[in-house]
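Enquirer: First the structure, then my questions, so here it is.
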Amino acid sequence: MQRALQLARCGEGNVSPNPMVGAVIVCNGKIIGEGYHRKCGEAHAEVNAVASVKDKTQLKSSTMYVTLEPCSHYGKTPPCCNLIKECGIPRVVIGIKDPFPEVAGRGIRILQEAGVEVKVGVLEEECRFINRKFITAHTQKRPYVLLKWCESSDGYIAALKNGEPAPVQLSSQVSSVYMHRERSLCDAIMVGTKTVLSDNPSLTVRGWKGKNPLRVVIDREGKLPLDSKIFNSESPTLIFTDLSQTTTDHRYIKIDFSKNIIPQILKELYSRGVTSLMVEGGAKTLQSFIDCGVWDEIRREVSPIVIEEGITAPKISFDEAQTSECGSSRIYHLYNDK
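Here's what the structure looks like:
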């Protein structure tokens, strides 16, 4: 199963909204086939694993290890349960059940009814972790929310000089590349109005080879200039606003700012197939997610740079955070277990 997990991670960044899945086939203590789900719409891990077996007669005396319950429905590809039955594989070891409603234990039942020996729950925690975005989307009916920011050693996320924005590079070159990689692994990236007005960010993947996420901006009063970089053609952009006259432009989504806007935004993004959302700022937007408890993961970078005057970083306890070094910065990783 460890090998199946390694394989599953090879599909990271290419399979969303599908889960990452790896499969290994073992006969007489030796791996005879392996595969993973490479890209959304393409063959599943089980199919690729079976295809890699040179001597198909060995399948009838083999065990398949797969990180996620084999699918039992017709989607873009046929059910993997059918393939396993047709190949005569007598035993299947599964990491976790699939939370997807059209599977959710049905694949296991189909295999068992066909006489296949099934074991579930091997390296379960690890299998859940690699697909935490997929699982959150299907169990919470909202995107997995990752909050990300970089702050100075004295606790500011942006510099001010005489009350006005003063550009300063807080992220190291190494950590910038790392964060661009993380952007490429999320379906969407979100910032508030002030971040766009002060930084004019592209919100694209520039320092890493990967797909650009959907760009999401909160712009209640329509303050964003149309020549802002977020309106370029590199990636689609959604604007959440309070202005009804802009709704003829499909980039604009009207929401009710007299109520909590976070559930409204997440509901709209989920309806559009977004399974993961990275929130990059600004401080007010990040703090609003923290205050209402709607977040799953935080990545906080602390730079050695001192600012002295600036916009205060979001507040939350990092006593239980995992820490690591990234260039000259320290990264704090916090997961919401509530």
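Numbering follows my numbering, in which position 21 of the sequence shown is assigned residue number 41; successive positions increment by one, without gaps. Where is the CB? At the ideal position from N, CA and C, for every residue including glycine.
Across the region 292–304 and the region 212–228, are there enough close Cβ pairs to call them in contact, namely three or more that are closer than 8 Å?
Expert: These segments touch.
Enquirer: Need the endpoints of the beta strand (DSSP E) that R319 sits in, please.
Expert: In the sequence shown, the residue the question calls residue 319 occupies position 299. Unbroken beta strand (DSSP E) run through R319: 317–322.
Enquirer: Can you tell me where the alpha helix (DSSP H) holding I285 begins and where it ends?
Expert: The residue given as residue 285 occupies position 265 in the sequence shown. 281–291 is the span of the alpha helix (DSSP H), which, as asked, contains I285.
Enquirer: Is the number of C-beta pairs between the region 51–64 and the region 227–242 that are closer than 8 Å three or more?
Expert: No: fewer than three Cβ pairs fall under 8 Å.
Enquirer: Are the Cβ atoms of S323 and C170 separated by less than 8 Å?
Expert: Counting from one through the sequence shown, the residue named residue 323 turns up at place 303. Counting from one through the sequence shown, the residue named residue 170 turns up at place 150. Yes, these two residues count as a Cβ contact at 8 Å.
Enquirer: Thinking C-beta only, is M210 closer than 8 Å to K168?
Expert: Start at 1 with the first residue of the sequence shown, and residue 168 comes out as number 148. Start at 1 with the first residue of the sequence shown, and residue 210 comes out as number 190. No, these two residues do not count as a Cβ contact at 8 Å.
Enquirer: Please report the residue range of the alpha helix (DSSP H) in which K153 lies.
Expert: Mapped onto the sequence shown, residue 153 falls at position 133. Segment 152–160, the alpha helix (DSSP H) holding K153.
Enquirer: How big is the Cα-Cα spacing for V46 and Y85?
Expert: The residue you call residue 46 lines up with position 26 of the sequence shown. The residue you call residue 85 lines up with position 65 of the sequence shown. Distance between the alpha carbons of V46 and Y85: 8 Å.
Enquirer: Can you tell which of N232, A178, V216, P187 has its C-alpha closest to the C-alpha of R201?
Expert: The residue you call residue 201 lines up with position 181 of the sequence shown. Nearest of N232, A178, V216, P187 to R201, Cα basis: N232.
Enquirer: Which value, in whole angstroms, describes the spacing of the CA atoms of G330 and R319?
Expert: On the sequence shown, residue 330 is found 310 positions in, with the first residue counted as 1. On the sequence shown, residue 319 is found 299 positions in, with the first residue counted as 1. Spanning the two alpha carbons is a distance of roughly 20 Å.
Enquirer: Ignoring anything shorter than 4 residues or poking outside the region 209–241, list the alpha helix (DSSP H) runs there in chain order.
Expert: List check, alpha helix (DSSP H) in window: 213–219.
Enquirer: Measure the alpha-carbon distance for Q78 versus E254 and round it to whole angstroms.
Expert: Position 58 of the sequence shown, counted from the start, is the residue given in the question as residue 78. Position 234 of the sequence shown, counted from the start, is the residue given in the question as residue 254. When rounded, the distance between both Cα atoms is 49 Å.
Enquirer: Near N68, which residues of its chain fall below 6 Å by C-beta distance, leaving aside the five closest residues on each side in sequence?
Expert: As a first step, residue 68 is located in the sequence shown; it is residue number 48 there, counting from the start. G55, listed in sequence order.
Enquirer: Compute the Euclidean distance between the alpha carbons of D239 and E288, then round it to the nearest angstrom.
Expert: What you label residue 239 is simply residue 219 of the sequence shown in a count that begins at 1. What you label residue 288 is simply residue 268 of the sequence shown in a count that begins at 1. D239 and E288: Cα-Cα distance of roughly 16 Å.
Enquirer: With H, G and I counted as helix, E and B as strand and the rest as coil, what does DSSP make of G309?
Expert: The residue labelled residue 309 in the question sits at position 289 within the sequence shown. Residue 309 is actually Phe in this sequence, not Gly. Three-state DSSP puts F309 in a helix.
Enquirer: Report the CB separation of A104 from V140 in whole angstroms; it is logged as a contact under 8 Å.
Expert: Here residue 104 corresponds to residue number 84 of the sequence shown, with the count starting at 1. Here residue 140 corresponds to residue number 120 of the sequence shown, with the count starting at 1. Checking the displayed sequence, the identity of residue 104 turns out to be Ile instead of Ala. 14 Å between Cβ atoms; not a contact.
Enquirer: Grouping DSSP H, G and I as helix and E and B as strand, with all else coil, what is M84?
Expert: For the purposes of this step, residue 84 is taken as the residue at position 64 of the sequence shown. The answer is strand: DSSP assigns M84 an E or B state.
Enquirer: In whole angstroms, what separates the C-alpha of G242 from that of L217?
Expert: Numbered from 1 along the sequence shown, position 222 holds the residue referred to as residue 242. Numbered from 1 along the sequence shown, position 197 holds the residue referred to as residue 217. Rounded to whole angstroms, G242 to L217 spans 11 Å at the Cα level.
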